[in-house]
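There are 2 protein chains.
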Amino acid sequence: MIRAAIYGFGNIGRFVLDTLLVDPDFTVVGIVSQSCSEAFVEGVPVVRSVDALGAVDVAIVCSCSRDVPAVVKKLLSKGISTVDSFDIHSQIAELRKTLDPVAKEAGAVSIISAGWDPGSDSVIRALLEAMAPKGITYTNFGPGMSMGHTVAAKAIPGVKDALSMTVPLGSSVHRRVVYVELESGATLEEVTAKLKADAYFAHDETHVIQVSDVAVLRDFGHGVDLTRKGVSGQTHNQNFRFTMSVHNPALTAQILVSSARAAMKQSPGCYTLIEVPIIDLLSGDRDEIIRRLV
Amino acid sequence: MIRAAIYGFGNIGRFVLDTLLVDPDFTVVGIVSQSCSEAFVEGVPVVRSVDALGAVDVAIVCSCSRDVPAVVKKLLSKGISTVDSFDIHSQIAELRKTLDPVAKEAGAVSIISAGWDPGSDSVIRALLEAMAPKGITYTNFGPGMSMGHTVAAKAIPGVKDALSMTVPLGSSVHRRVVYVELESGATLEEVTAKLKADAYFAHDETHVIQVSDVAVLRDFGHGVDLTRKGVSGQTHNQNFRFTMSVHNPALTAQILVSSARAAMKQSPGCYTLIEVPIIDLLSGDRDEIIRRLV
Chain A
1 MIRAAIYGFG
11 NIGRFVLDTL
21 LVDPDFTVVG
31 IVSQSCSEAF
41 VEGVPVVRSV
51 DALGAVDVAI
61 VCSCSRDVPA
71 VVKKLLSKGI
81 STVDSFDIHS
91 QIAELRKTLD
101 PVAKEAGAVS
111 IISAGWDPGS
121 DSVIRALLEA
131 MAPKGITYTN
141 FGPGMSMGHT
151 VAAKAIPGVK
161 DALSMTVPLG
171 SSVHRRVVYV
181 ELESGATLEE
191 VTAKLKADAY
201 FAHDETHVIQ
211 VSDVAVLRDF
221 GHGVDLTRKG
231 VSGQTHNQNF
241 RFTMSVHNPA
251 LTAQILVSSA
261 RAAMKQSPGC
271 YTLIEVPIID
281 LLSGDRDEII
291 RRLV
Chain B
1001 MIRAAIYGFG
1011 NIGRFVLDTL
1021 LVDPDFTVVG
1031 IVSQSCSEAF
1041 VEGVPVVRSV
1051 DALGAVDVAI
1061 VCSCSRDVPA
1071 VVKKLLSKGI
1081 STVDSFDIHS
1091 QIAELRKTLD
1101 PVAKEAGAVS
1111 IISAGWDPGS
1121 DSVIRALLEA
1131 MAPKGITYTN
1141 FGPGMSMGHT
1151 VAAKAIPGVK
1161 DALSMTVPLG
1171 SSVHRRVVYV
1181 ELESGATLEE
1191 VTAKLKADAY
1201 FAHDETHVIQ
1211 VSDVAVLRDF
1221 GHGVDLTRKG
1231 VSGQTHNQNF
1241 RFTMSVHNPA
1251 LTAQILVSSA
1261 RAAMKQSPGC
1271 YTLIEVPIID
1281 LLSGDRDEII
1291 RRLV
């Protein structure tokens, strides 16, 4: 059994626990959380530091993306392998380069950005490029609540609660509709200006709408519509499409757990999902998997 | 540059040549064919044996699936890496087990069943299972001409020419509609009986239709509609769908060529595509690929 710790216990962390409890390959040794007030969740001990746990093979890091680099570096340097769903696309290649020597030095494995985008969508984008090297891929998200954008919106001063909806406008163009509950004293104008300046929102059409209760809007359904039209060899008009309609944190959690399994099978180093053989994500006998899926 | 030979020069072989000629990473050292009567095609020499060529890094095997095992074994034992699109699903796991020690012994790499199904569809099926481990995947093919089934139909005694169409009936159930031109003296009844007994057709609803000219029916368009509905962790109703509409031999050829590139990056042994990191199929700088696609 793989001994896993859950690091961070927000939305994703709770769904990771759900997933680990039914996965045949894992045992959950503990939850590391600064904010969870319970001593045990589903029989799993909650601690403040990973040092308070026994041996951990892999930590599933469910912290906010902005905290991921420091947390992962710390865990790796203790020799603990990690997976995370770091989702700031422009910083992934750099993060991999930073973590790779740390992981190798410690004899550990880090699989980064292992959610659905970045993550499984990245695998599909890479696969489609191998199938039609010339052409254009469009990734259209939603409509659905973006977890990363919602966390970023909540971090804006003056925001009491927030929900960021991603609305696909086609050809990889998106509208962000951000519903905010304000702290008393905050103004919608100030919050809107700060939010639109944030890196998460700066490149998209963004609308900020003030509501009295964000909670009643919350639905974890999300999706993607990823298309590629391109050229295989010298033959044009090759058309590909991947769509999904999913519970977002449940899918992210499942991919993290599948990636934690894969982390046990890689040589020390830092990887993105497109660098990991897909079979390594799956439970069970290799020959049986090949017989069933190839 | 990777020195590639094309082994077999039917439909797939011709599109592999098209693809290699525009790929930045390959040089084509020769075509091995028993039937091609030209001395050169597009400036590439046609020879009867791979031994007549200089150094070959990888042979792209475009023989009929039934000939693939023997051809690949022979090439591997000469130390030449191989890729093929062997498509008899029930024999893939066994073929891999047979070829793996041969490849290791020779210090070569063999990537088998690297077309679109088996091949890229297998990668998608494996990825979807990592995203939702419980559930059902349906792979619906066509409508389109099946290359493997057409070759099998042509091999039936009494058949002068044939075309096998795959018609999807939903939930992975297919109808085969086989158009045949008969040799003089052959009867439709005899041909139909032999064809329905063939392993390629025995498990599907099969209709055999006699026509006077198969050539006018031929269109290489094909497609797939692959769906999975399943459970991520403990969360149900996760829905996924992959569809494509493609020129079939052009796509198969492109995946073979991308896989030949990947073969240069693996340790000696025999692999299916789900065992190969997807990034290895792509041309270019690893960091740049990660920046662009992850």
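Heads up: the sequence lines are chains A and B, in that order. Sequential numbering of the first sequence, starting at 1, is according to the numbering used here. Sequential numbering of the second sequence, starting at 1001, is according to the numbering used here. C-beta atoms are modelled at their ideal positions from N, C-alpha and C, and glycine is treated no differently.
When you compare the region 248-259 of chain A with the region 1-19 of chain A, are there three or more beta-carbon pairs, one atom per stretch, that lie closer than 8 Å? yes
Is the shortest distance between the beta-carbon of residue 1242 of chain B and the beta-carbons of chain E less than 8 Å? In the displayed structure, chain E is absent; the protein chains listed are A and B.
If you follow the alpha helix (DSSP H) that residue 226 of chain A is in, where does it begin and where does it stop? Careful: residue 226 of chain A lies outside any alpha helix (DSSP H), inside the beta strand (DSSP E) at 221-232.
Three-state secondary structure (DSSP) of residue 1001 of chain B: coil
Could you tell me which of A:276, A:214, A:150 sits nearest to residue 201 of chain A, measuring between CA atoms? A:150
Minimum Cβ-Cβ distance from residue 1115 of chain B to chain A less than 8 Å: no
Report the CB separation of residue 31 of chain A from residue 257 of chain A in whole angstroms; it is logged as a contact under 8 Å. No, residue 31 of chain A and residue 257 of chain A are not in contact; Cβ-Cβ is about 14 Å, not under 8 Å.
Nonlocal neighbours in the same chain, by C-beta distance under 8 Å from residue 126 of chain A, ignoring five residues either side: 274
Member of A:228, A:246, A:231, A:122 whose CA lies at the smallest distance from the CA of residue 1235 of chain B: A:246
Hey, is the region 1086-1100 of chain B in contact with the region 1067-1075 of chain B, meaning 3+ C-beta pairs nearer than 8 Å? yes
Pull up the DSSP beta-bridge partners for residue 1239 of chain B, would you. A:245, B:1229
Fully enclosed by the region 1077-1144 of chain B, which beta strand (DSSP E) runs are 3 residues long or longer? 1081-1084, 1109-1111, 1134-1141
How close, in whole Å, do the beta carbons of residue 260 of chain A and residue 4 of chain A come, if the pair is a contact with beta carbons under 8 Å? 6 Å
Starting from residue 150 of chain A and walking both ways along the alpha helix (DSSP H), at which residues does that stretch end? 147-154
Rounded to whole angstroms, what's the CA-CA distance from residue 1055 of chain B to residue 1029 of chain B? Just pull it up for me. 8 Å
Would the region 118-137 of chain A and the region 211-218 of chain A be scored as touching if the rule is three or more Cβ pairs under 8 Å? no
Give a yes or no on whether the minimum CB-CB distance between residue 120 of chain A and chain B is below 8 Å. yes
Does residue 1245 of chain B get closer than 8 Å to chain A when you measure Cβ to Cβ? yes
Go ahead and pull the three-state DSSP assignment for residue 1175 of chain B. strand
I'd like to check one pair, residue 181 of chain A with residue 224 of chain A: are the Cβ atoms closer than 8 Å? no
State whether the region 101-111 of chain A contacts the region 175-194 of chain A, with contact taken as three or more CB pairs (one from each stretch) at a distance under 8 Å. no
List, in order along the chain, the chain A residues whose C-beta lies closer than 7 Å to that of residue 1233 of chain B? 15, 18, 19, 22, 250, 253, 254
Rounded to the nearest angstrom, how far is the Cβ of residue 113 of chain A from that of residue 87 of chain A, given a contact under 8 Å? 7 Å
Along chain A, which residues have their Cβ under 9 Å away from the Cβ of residue 1192 of chain B? By Cβ distance, chain A contributes nothing, its closest Cβ being about 31 Å from residue 1192 of chain B, past 9 Å.
Could you tell me which chain B residues have their CB closer than 7 Å to the CB of residue 38 of chain A, listed as they occur along the chain? Going along chain B, no residue has its Cβ under 7 Å from residue 38 of chain A, so there is no contact; the nearest lies around 19 Å.
Three or more C-beta pairs closer than 8 Å, one from the region 1157-1168 of chain B and one from the region 1139-1146 of chain B: is that the case here? yes
Residue 1034 of chain B touches chain A at which residues, Cβ-Cβ below 7 Å? Neighbours of residue 1034 of chain B on chain A: none; closest Cβ ~24 Å, over 7 Å.
In whole angstroms, what is the alpha-carbon distance linking residue 24 of chain A and residue 1047 of chain B? 53 Å
Three-way DSSP call (helix, strand, coil) for residue 212 of chain A in this model: coil
Can a CB atom of chain B be found closer than 8 Å to the CB of residue 66 of chain A? no
Compare the C-alpha of residue 1001 of chain B against each of B:1290, B:1269, B:1264 and name the closest. B:1264
Pick from A:281, A:276, A:284 that is closest to residue 1281 of chain B, judged by C-alpha positions: A:276
Comparing the C-beta of residue 1293 of chain B with each C-beta of chain A, is any distance below 8 Å? yes
Closer than 9 Å by beta-carbon distance: list the chain A residues that pair up with residue 1239 of chain B, in chain order. 223, 243, 244, 245, 246
Considering only DSSP beta bridges, list what residue 26 of chain A is partnered with. A:2
Could you work out which residue in B:1118, B:1094, B:1083, B:1095 is closest to residue 1109 of chain B when comparing CA atoms only? B:1083
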